Structures are given as structure tokens and as C-alpha cells.
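Structure first, then comments.
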Amino acid sequence: MTEKLLEVQDLKKYFPIKGGILGRQVGQVKAINGVSFYINKGETLGLVGESGCGKSTTGRSLLRLIEPTEGTITFDGKEVTSLSGREMRKMRRDMQMVFQDPFASLNPRHTVERIIEEPMIVHKMGTSAERKKRVRELLEVVGLNSYHAKRYAHQFSGGQRQRIGIARALAVKPKLIIADEPVSALDVSIQSQVLNLLEDLQNEFNLTYLFIAHDLSVVKHISDRVGVMYLGQLVELTESDKLYANPKHPYTRALLSAVPIADPEFEQERIVLRGDVPSPSNPPKGCPFHTRCPEAMDICKSVNPAFREDDEGHYVACHLYDEDK
Amino acid sequence: MPELAPEKQKLPPDHPGFEVEEKVSSPWLEAWKSFKKNKLAITGAVIVLLFILMALLADFIAPYGMNEQSLADKNLAPSSEHWFGTDDFGRDILSRVIFGARISLWVGFFAVLGSAVVGSLLGIIAGYFGRWVDTIISRIFDIMLAFPSILLAIAVVAVLGPSLRNALIAIAIINIPNFGRLVRSRVLSVKEEEYIMSAKAIGMSNGRILFSHVLPNSIAPIIVQGTLAIATAIIEAAALGFLGLGAQPPQPEWGKMLADSRQYIIQAPWTVFFPGLAIMLTVLGFNLMGDGLRDALDPRMKN
Chain Y
128 MTEKLLEVQD LKKYFPIKGG ILGRQVGQVK AINGVSFYIN KGETLGLVGE
178 SGCGKSTTGR SLLRLIEPTE GTITFDGKEV TSLSGREMRK MRRDMQMVFQ
228 DPFASLNPRH TVERIIEEPM IVHKMGTSAE RKKRVRELLE VVGLNSYHAK
278 RYAHQFSGGQ RQRIGIARAL AVKPKLIIAD EPVSALDVSI QSQVLNLLED
328 LQNEFNLTYL FIAHDLSVVK HISDRVGVMY LGQLVELTES DKLYANPKHP
378 YTRALLSAVP IADPEFEQER IVLRGDVPSP SNPPKGCPFH TRCPEAMDIC
428 KSVNPAFRED DEGHYVACHL YDEDK
Chain E
12 MPELAPEKQK LPPDHPGFEV EEKVSSPWLE AWKSFKKNKL AITGAVIVLL
62 FILMALLADF IAPYGMNEQS LADKNLAPSS EHWFGTDDFG RDILSRVIFG
112 ARISLWVGFF AVLGSAVVGS LLGIIAGYFG RWVDTIISRI FDIMLAFPSI
162 LLAIAVVAVL GPSLRNALIA IAIINIPNFG RLVRSRVLSV KEEEYIMSAK
212 AIGMSNGRIL FSHVLPNSIA PIIVQGTLAI ATAIIEAAAL GFLGLGAQPP
262 QPEWGKMLAD SRQYIIQAPW TVFFPGLAIM LTVLGFNLMG DGLRDALDPR
312 MKN
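Taken in order, these protein sequences are the chains called Y and E. Per my numbering, residue 128 is the first one in the first sequence, and the count goes up by one each step. Per my numbering, residue 12 is the first one in the second sequence, and the count goes up by one each step.
So, in C-alpha cells, the structure goes:
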């Protein structure tokens with residue numbers, strides 16, 4: 128049961144900042160700065176964090192749509208980072224992606240049929256007739272009608288387009304689906320439909336998800352375990368029940384306190400974070416969060432806390448939980 | 012209970028109605044619809060079509076041969092015999108204008124086709140691969156654009172020797188950077204679209220992405236630019252002909268006809284008027300059609 132499908136070790140992605148006439152490198156943006164996690168087969172790992180914390184970059188690095196600077200990615204027993212371009216393209220059959228913007232991620236000049244069929248053509252699956260039949264089946268699976276196949280993407284609503292994007296990801300029968308904020312561009316009323324669809328598909332096809340979002344309630348709904356990212360680092364990762372009931376990292380606590388609760392009587396103490404997120408091109412020394420942390424100590428300013436297991440299955444990167452303390 | 016909503020039923024894959032397809036409009040069909048509504052564009056298209064028909068059927072509709080001389084009938088005014096009059100060799104101007112359409116359209120079309128193919132290829136290479144490839148190609152375009160185009164064409168013809176074919180080559184060459192820059196910028200913007208990222212995520216190779224996603228999404232502006240460029244090419248061909256660097260006598264090229272008759276402009280104005288009118292009308296037709304196409308195909312105009 129708890130077989131690891133994907134394991135990421137110390138993943139880093141630095142984007143160079145070029146400046147001057149000669150285009151020399153004058154600095155770098157540390158979009159991901161040492162992230163490690165794993166995903167078990169059949170589970171959903173949620174990845175949350177605010178804009179610019181590197182969660183999308185992490186998702187794209189896994190598929191090597193963005194080449195990671197450092198670190199290892201092991202998928203299904205294979206080391207992904209050392210694959211050649213050709214092998215990597217084959218590998219992508221098992222790892223598919225659902226994108227955030229359902230309007231931009233579908234080619235406006237292609238019919239729905241062509242969009243969903245394309246991954247099967249690329250990976251040389253079946254004959255033309257078999258593929259066309261499968262396209263129609265997939266459309267039904269994601270809750271659209273098979274006669275939609277000849278339409279163009281612009282003739283659908285956002286939620287329907289996202290279903291098309293999901294059908295495309297499913298076409299090649301992948302093992303892992305990386306969902307990069309799949310519902311954040313949708314209306315709230317549509318969000319839950321798409322989330323339920325994703326859950327149903329997971330049960331039906333035994334899928335594994337990496338679910339990236341900035342909305343804690345969305346992530347809670349769908350994830351088995353949740354990782355919280357801040358400024359290119361994972362600060363906390365555990366089962367979603369534990370995370371929501373017993374958050375350890377001060378950043379997680381602040382985030383959770385900001386989630387509105389539908390009870391007018393309930394008085395919640397909000398932890399308001401002061402200041403802005405520091406620039407990832409010049410992250411603070413020590414713990415990246417110490418500039419805004421309400422519980423910062425001296426050690427936080429100089430030493431970046433390690434990301435370790437505090438309780439069983441509950442990882443946190445914070446000096447509050449240092450063993451010698 | 013009757014169904015309130017006229018929703019189509021979901022059909023199982025083995026159901027006979029499963030393959031039933033509804034008619035939907037493709038982006039091209041939509042473009043055609045909006046093009047049809049544009050009266051000016053249709054006018055342009057009709058003019059262009061008339062000239063094309065004229066060129067194709069020249070042998071049948073021209074009342075006289077294009078080089079049929081009758082020195083007794085020099086510089087005759089328009090009459091029922093010669094609708095557009097005759098020139099200084101007694102040749103029927105209407106017939107020469109009709110045959111001239113063949114030359115002008117031929118030069119315009121093939122010069123633009125050549126520059127569009129070469130320019131697009133260079134533009135795609137520059138845009139998709141970037142870096143030093145882009146730098147080299149773009150700088151060459153810049154240098155070519157820095158010359159006045161007619162001067163560049165004259166230089167090319169001077170090297171190759173004056174003839175209609177060389178004029179065509181010269182016009183093709185000077186138009187390459189226009190297409191190259193257009194396609195390059197288009198590729199640069201399409202390349203950043205999320206569906207290109209998703210194509211990569213599917214596992215598609217660069218070549219396939221280029222030809223099945225990037226190029227089809229760049230074709231509309233190429234068509235628009237192509238139509239407008241035909242108009243310019245026709246003018247350039249006429250200009251080269253006028254300067255004696257393009258078509259050689261006795262070819263009935265419009266620009267050449269202007270040049271040959273300009274000394275009679277006072278005594279026999281029809282000798283210059285009709286070839287000039289023909290140039291103006293074709294260019295106008297292509298420009299109107301090109302503008303209409305731009306309005307119809309521009310993705311920013313769509314909802």
C-alpha cells in the first residue's frame with residue numbers, strides 16, 4: 128500500500144537574473160530552494176503556499192518542463208533527472224499535468240477531439256479509430272457528452288474546458304497527475320464539481336495526484352497529506368487531518384487562522400503576519416520565515432532549520448521543535 | 012414526464028447514435044463569416060477575383076493580340092474599336108492591360124510566395140531557437156530593412172541583370188525580412204502560451220510542437236501580410252518596369268507601359284491612364300482584401 132511512486136530529494140531551481148549589456152548573470156532567483164517529499168501510490172499530496180513560493184515551479188520541475196538546477200527526482204523506481212530528452216518524453220506518458228488556466232492551455236485552433244487524441248498520437252497508442260472511440264469515452268468519463276468532440280475549446284465554459292484538460296491528461300493512462308491549481312481559475316460553484324470529478328477519477332483509475340493550490344480549504348477537501356511551502360522551501364508536511372488540527376509551523380498556523388469559518392458566533396484569533404514576503408532573489412539568512420515570524424528567536428536569524436520528522440509522519444522545518452530545546 | 016430541457020441524452024459507446032456529430036464552426040469558418048459582412052473587403056476580393064479571371068482568360072477576352080501592331084492606328088483615342096485607345100505602335104491598350112494582369116499577378120503572387128516561405132522559415136528558426144541564431148537572423152533582417160526597399164531591388168537587379176524573372180527575385184528578396192520579423196514575433200508569443208507548455212507536458216517533440224501548434228497559430232497573420240505584400244509587390248514590379256529593370260519590351264507590363272507612353276501624356280493621355288488605373292485597382296483590391304482579412308483573422312478581435 129505505502130509504495131512510493133515519486134520521491135523528490137533536495138530539489139532546487141535557481142533562475143539566473145541577467146543584466147548589463149553583456150547579459151552577464153548578476154544574481155539568481157531561488158524559486159525552489161531544497162525541497163524534499165514523496166508521494167505514495169494512490170494518494171493525493173497537496174502543495175499549498177502563497178503566490179510566488181515556488182509550488183508551480185516544483186510541479187513543472189517534476190516533469191522537467193523546467194530543468195531543475197539540483198536534486199533528484201525518482202519516479203516509479205527511475206531517476207528522472209538523468210534521462211535523455213527522448214526518454215523523458217516517453218516518461219511523460221506516466222506523468223501528466225492539468226493546468227491552471229483552462230482558457231490558455233487548450234489550443235484554440237484544435238477541436239476537442241484533436242486535443243484529447245494528441246497525447247495518444249504522440250505515444251503511438253492504438254489505431255485512429257480506437258483513439259477516436261477512446262476520446263468519446265473519455266469525454267463521457269469526465270462528464271461531457273461524446274458529441275462535443277467536434278467542437279472547439281472556445282465553445283465551452285471554464286469548468287467544461289478544465290474537464291477537457293483532465294480528459295487529455297487521462298488519455299494516456301498516466302500513473303501520476305500533477306494538477307497545477309486546477310480549480311483556482313473557476314467559479315466557486317464549479318470548483319467543487321471539478322474536485323469531485325478528480326476524486327472519482329482517482330478511485331476509478333487508481334491515480335496519484337500532486338495537487339497544487341493556494342486555497343487551504345480546496346486542498347483539505349482532496350488531499351491525504353499536505354505540504355506547506357514558503358519562499359521556495361517546504362516548511363511543514365503531514366497528513367491533512369493532522370495539519371489542520373495541529374499545525375506546528377508558525378506560518379501554517381497563520382495561514383489556517385486566515386481561513387474563514389462559516390459560523391458568525393465563532394470568534395477566531397487571527398494571526399496577522401506583518402511585512403511582505405522577502406524577495407526570492409535575496410532570501411533572508413537563516414530561516415526564510417524569520418522576518419515575519421511572530422515567534423522568531425535569535426537562532427532563526429542565522430541557521431536555516433532542517434526539514435525533519437517531528438512526530439511520526441509530521442515533518443516541520445522550525446527551530447521551535449529542535450530536539451535539544 | 013416530459014423532459015423540460017432539450018439536453019441530448021448521453022449515449023453508450025456502442026449505441027448507433029454515438030457517432031452522431033453536430034455541425035460546429037471552425038475558426039476559419041468564423042473568419043469567413045465576419046469577412047463576408049465586411050463590404051469593403053468583399054469589394055476588394057471581387058476586384059482581385061476579376062483581375063485573376065482577366066489574367067486567366069486573357070487569350071479569350073482580349074480583343075486583339077498583346078503585340079499586334081497597326082502603325083496606321085497610332086495613338087488613337089478610345090472608340091468602339093479600341094475601348095481604351097491605342098499606343099504609339101498602334102497596339103490595343105485594352106488587350107495589353109488584360110495581358111498585363113497576367114504579368115503583374117504572376118510577379119506579385121510568386122514574389123510574395125517566395126518571400127513568405129523563406130521569411131517564415133527563418134522567422135520560425137529565429138523565434139523558436141532564440142539565442143545566437145536569433146541574433147544573427149534578426150540583425151540580417153535589420154540591415155535589409157535599413158535600405159530603402161526599391162534601392163535594394165535595383166541593386167539586386169543590377170547584379171542579376173534586368174528581366175522580369177530577376178525583378179521577381181529581387182522583390183522576393185526585399186520582402187523576406189517583413190515576413191521573417193512577423194513570424195518571429197508570432198512564434199515568440201505563441202511559444203509562451205500555456206498550450207505549448209501542455210504540449211511539452213504531453214511528451215511532444217519540438218518538431219511536432221512547431222508544426223502542429225506554433226505554425227498553425229501563426230498562419231493567419233502570414234496570410235494577411237501576404238495579401239498586403241502582393242499589393243506592394245505589384246507596385247514594386249511596376250516601378251522596376253518603369254525604370255526599365257523589370258519587364259522588357261514588348262512585354263505588356265503595366266509599369267513598362269507607363270514608361271513607354273509618358274512622352275505622349277499630353278497628346279494621348281489614355282496611353283498612361285489605363286495602365287495606371289489597372290495598377291491602382293489591383294493594389295486597391297489587394298489592400299482592401301488584406302485589411303478585411305486582418306479584421307476577420309485577428310484573434311484579438313474575437314470574443
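From the three backbone atoms N, C-alpha and C, an ideal C-beta is built for every residue, glycine too. Model, not experiment: these values are computed from the prediction.
Straight-line gap, residue i to residue j (C-alpha atoms, nearest Å)
i: residue 205 (chain Y); j: residue 333 (chain Y); result: 20 Å
i: residue 75 (chain Y); j: residue 432 (chain Y); result: The requested residue 75 (chain Y) does not occur in the structure, where chain Y is confined to residues 128 to 452.
i: residue 119 (chain Y); j: residue 279 (chain Y); result: Chain Y is shown only over 128 to 452; residue 119 (chain Y) falls outside these bounds and no answer can be derived.
i: residue 80 (chain E); j: residue 126 (chain E); result: 37 Å
i: residue 7 (chain E); j: residue 371 (chain Y); result: Here chain E comprises residues numbered 12 to 314, so residue 7 (chain E) is not present and cannot be evaluated.
i: residue 338 (chain Y); j: residue 146 (chain E); result: 40 Å
i: residue 339 (chain E); j: residue 86 (chain E); result: Since the first residue of chain E shown is 12 and the last is 314, residue 339 (chain E) is not available in this structure.
i: residue 379 (chain Y); j: residue 387 (chain Y); result: 15 Å
i: residue 357 (chain Y); j: residue 180 (chain Y); result: 5 Å
i: residue 251 (chain E); j: residue 159 (chain E); result: 14 Å
i: residue 382 (chain Y); j: residue 389 (chain Y); result: 17 Å
i: residue 225 (chain E); j: residue 132 (chain E); result: 12 Å
i: residue 284 (chain Y); j: residue 37 (chain E); result: 17 Å
i: residue 161 (chain E); j: residue 200 (chain E); result: 31 Å
i: residue 129 (chain E); j: residue 247 (chain Y); result: 33 Å
i: residue 32 (chain E); j: residue 239 (chain E); result: Since pLDDT at residue 32 (chain E) reaches only 49, below the 50 mark, its modelled position is unreliable, and the value read off the structure follows with that caveat. Distance between the alpha carbons of residue 32 (chain E) and residue 239 (chain E) is about 38 Å.
i: residue 171 (chain Y); j: residue 336 (chain Y); result: 5 Å
i: residue 170 (chain E); j: residue 181 (chain E); result: 10 Å
i: residue 327 (chain Y); j: residue 239 (chain Y); result: 22 Å
i: residue 237 (chain E); j: residue 245 (chain E); result: 12 Å
i: residue 262 (chain Y); j: residue 292 (chain Y); result: 12 Å
i: residue 245 (chain Y); j: residue 213 (chain E); result: 8 Å
Close beta carbons around residue i, own chain, < 7 Å, minus the five adjacent residues each side
i: residue 270 (chain Y); result: 290 and 324
i: residue 428 (chain Y); result: 412, 413 and 417
i: residue 266 (chain Y); result: 272, 273, 275, 276 and 294
i: residue 311 (chain Y); result: 227, 340, 341 and 342
Residue i (DSSP reduced to helix, strand or coil)
i: residue 282 (chain Y); result: helix
i: residue 278 (chain E); result: coil
i: residue 54 (chain E); result: helix
i: residue 32 (chain E); result: Residue placement at residue 32 (chain E) is poorly supported in this model, since its pLDDT is 49, which falls under 50; the coordinates still yield a value, given next. Reduced to three states, the DSSP call for residue 32 (chain E) is coil.
i: residue 378 (chain Y); result: helix
i: residue 237 (chain E); result: helix
i: residue 266 (chain E); result: helix
i: residue 79 (chain E); result: coil
i: residue 318 (chain Y); result: helix
i: residue 134 (chain Y); result: strand
i: residue 73 (chain E); result: coil
i: residue 140 (chain Y); result: strand
i: residue 412 (chain Y); result: coil
i: residue 404 (chain Y); result: coil
i: residue 388 (chain Y); result: coil
i: residue 323 (chain Y); result: helix
i: residue 160 (chain Y); result: strand
i: residue 205 (chain E); result: helix
i: residue 308 (chain Y); result: coil
i: residue 42 (chain E); result: helix
Close beta carbons around residue i, own chain, < 8 Å, minus the five adjacent residues each side
i: residue 144 (chain Y); result: 152, 153, 154, 155, 156 and 408
i: residue 272 (chain E); result: 98, 99, 279, 282, 283 and 286
i: residue 367 (chain Y); result: 173, 346, 347, 350, 351, 352 and 353
Proximal residues to residue i (C-beta, below 6 Å), its chain only, five neighbours per side dropped
i: residue 118 (chain E); result: 179 and 248
i: residue 242 (chain E); result: 294, 297 and 298
i: residue 96 (chain E); result: 87, 88, 89, 104 and 281
i: residue 195 (chain E); result: 134, 137 and 138
i: residue 192 (chain E); result: 152
i: residue 397 (chain Y); result: 384
Interface residues of chain C facing residue i [CB-CB closer than 9 Å]
i: residue 106 (chain E); result: This model lacks chain C altogether; the protein chains it does include are Y and E.
May I ask you to list, following chain order, the residues of the segment 184 to 210 of chain Y that have a beta carbon less than 7 Å from some beta carbon of chain E? Per Cβ criterion, the list reads 190 and 192.
Just list the alpha helix (DSSP H) runs in the segment 163 to 228 of chain Y, keeping only unbroken ones of 4 residues or longer that don't cross its boundaries, in chain order. You should have 182 to 189 and 212 to 218.
Chain E contacts made by the segment 308 to 319 of chain Y, where a contact means CB separation under 7 Å: Cβ contacts with chain E: none found.
What residues from the segment 243 to 268 of chain Y come within 7 Å of chain E, judged by C-beta to C-beta, listed N to C? Within the segment 243 to 268 of chain Y, the qualifying residues are 245, 246, 249, 250, 260, 263, 264 and 267.
Contacting positions in the segment 240 to 267 of chain E - beta carbon closer than 9 Å to chain Y: Within the segment 240 to 267 of chain E, no residue has a Cβ that lies closer than 9 Å to any Cβ of chain Y.
Looking at chain Y, which residues of the segment 197 to 218 of chain E have a Cβ within less than 7 Å of any of its Cβ atoms? Contact annotation: in the segment 197 to 218 of chain E, residues whose CB is within less than 7 Å of a CB in chain Y are 204, 205, 206, 208, 209, 211, 212, 213, 214, 215 and 216.
Which residues, in chain order, does the segment 162 to 174 of chain E contribute to contact with chain Y at a C-beta distance below 9 Å? Contact residues of the segment 162 to 174 of chain E toward chain Y are absent (C-beta to C-beta distance below 9 Å).
The segment 224 to 236 of chain E: which residues have C-beta closer than 8 Å to a C-beta of chain Y, in chain order? Those residues of the segment 224 to 236 of chain E that come within reach of chain Y (Cβ to Cβ, closer than 8 Å) are 224, 227 and 228.
Chain Y contacts from the segment 65 to 80 of chain E (Cβ-Cβ distance under 7 Å): Within the segment 65 to 80 of chain E, no residue has its Cβ closer than 7 Å to any Cβ of chain Y.
Identify every run of the beta strand (DSSP E) within the segment 346 to 377 of chain Y, keeping only runs that are complete inside it and at least 3 residues long; order them along the chain. Within the segment 346 to 377 of chain Y, the complete beta strand (DSSP E) runs of at least 3 residues are 352 to 357 and 360 to 366.
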